[in-house]
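This report refers to the structure that appears directly beneath it.
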Amino acid sequence: MNLNVKLFIISLFISVFTNAQIGIEKESIDGSGLVDFPEGTTRGIILPQVTNNLNMTDTSAGTFVFDGASSKVKYYNGADWIELTGQTGASKTLLVGTEQDRSAGVIIGAPDSTAKGVLVLESNDKALILPKIIDPATNVKSPSAGMMCYDPVAKLVCFYNGTNWAFWGNIE
Numbered sequence: 020m021n022l023n024v025k026l027f028i029i030s031l032f033i034s035v036f037t038n039a040q041i042g043i044e045k046e047s048i049d050g051s052g053l054v055d056f057p058e059g060t061t062r063g064i065i066l067p068q069v070t071n072n073l074n075m076t077d078t079s080a081g082t083f084v085f086d087g088a089s090s091k092v093k094y095y096n097g098a099d100w101i102e103l104t105g106q107t108g109a110s111k112t113l114l115v116g117t118e119q120d121r122s123a124g125v126i127i128g129a130p131d132s133t134a135k136g137v138l139v140l141e142s143n144d145k146a147l148i149l150p151k152i153i154d155p156a157t158n159v160k161s162p163s164a165g166m167m168c169y170d171p172v173a174k175l176v177c178f179y180n181g182t183n184w185a186f187w188g189n190i191e
């Protein structure tokens, strides 16, 4: 058998059986994260911005978007859209007419997926580790509408709707 063919087969098996983990601006992943971000950052994840989430079809459970019609961050639980930011925000960063083709996204953690999205994370034992930002309402100077992060001191998931921050977790 040709050496190149052997190397190709070996690399194919390695890629199939490797548990992919991605560190953004860091060399090691914390715990069992699928995607992880650096400590001390002031940059969060910007959720996909859609003109109106109600116009989305074939939506997968677990989808997060910034809805331009209501200027709110929303989550789809498989049956209903759940608002994660109580007050209406501002869609100043929404680009009208530039919605992403959700069927042509990037899949991390698996060779394919039935889920539709710009970024699909697939794993049975790994999860997304949100960017950790201490007090994002103070430390992120110019957040974009649809920004999402985790405050490790307050232990809150934080969403910015273009005007206000919303916080999810055990607020004491």
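Residue numbering for the sequence shown follows this note's numbering, starting at 20 and increasing by one per position. Built from N, CA and C at the ideal position, the CB exists for glycine as well.
Of the listed residues the options, nearest to residue i (C-alpha basis)
i: Glu179; options: Ser47, Pro67 and Ile126; result: Note that residue 179 is Tyr in the sequence shown here, rather than Glu. Considering only alpha carbons, the answer is Pro67.
i: Gly52; options: Ile64, Ser163, Ser142 and Ala173; result: Ser142
i: Val3; options: Ile153, Ala88, Lys45 and Glu46; result: Here the chain covers residues 20 to 191 and nothing more, so residue 3 does not appear.
i: Lys174; options: Thr182, Pro150, Ile127 and Ile64; result: Pro150
i: Val54; options: Glu46, Val172, Lys45 and Gln40; result: Gln40
i: Trp187; options: Gly59, Asp86, Gly105 and Val69; result: Gly105
i: Glu58; options: Lys45, Ser163 and Ala156; result: Lys45
i: Ser163; options: Asp144, Ser47 and Ser90; result: Ser90
Own chain residues within Cβ distance below 6 Å of residue i, not counting five before or after
i: Asn189; result: none
i: Val159; result: Thr61
i: Ser207; result: The shown model of the chain, from 20 to 191, leaves out residue 207, and the question about it has no answer.
i: Ser43; result: The sequence given here places Ile at residue 43; Ser does not occur at that position. Once the five neighbours on either side are set aside, the close Cβ partners of Ile43 are Phe56.
For residue i, three-class secondary structure by DSSP
i: Leu140; result: strand
i: Thr82; result: strand
i: Leu149; result: coil
i: Ala185; result: strand
i: Leu103; result: coil
i: Ser110; result: Note that Ser110 has pLDDT 49, beneath the 50 cutoff, so the model's placement of it is unreliable and the number below is only indicative. The answer is coil: DSSP assigns Ser110 none of H, G, I, E or B.
i: Leu66; result: coil
Residues near residue i in its chain [Cβ-Cβ closer than 7 Å; skip 5 each side]
i: Gly124; result: Gly136, Val137, Leu138 and Val139
i: Ile101; result: Lys93 and Tyr94
Same chain only: Cβ atoms within 8 Å of residue i, ignoring 5 sequence neighbours per side
i: Val69; result: Met75, Val84, Phe85, Asp86, Gly87 and Glu118
i: Leu147; result: Gly52, Leu53, Val54 and Leu140
At least three beta-carbon pairs within less than 8 Å, the stretch 94-101 to the stretch 64-82 | Segments in contact, yes.
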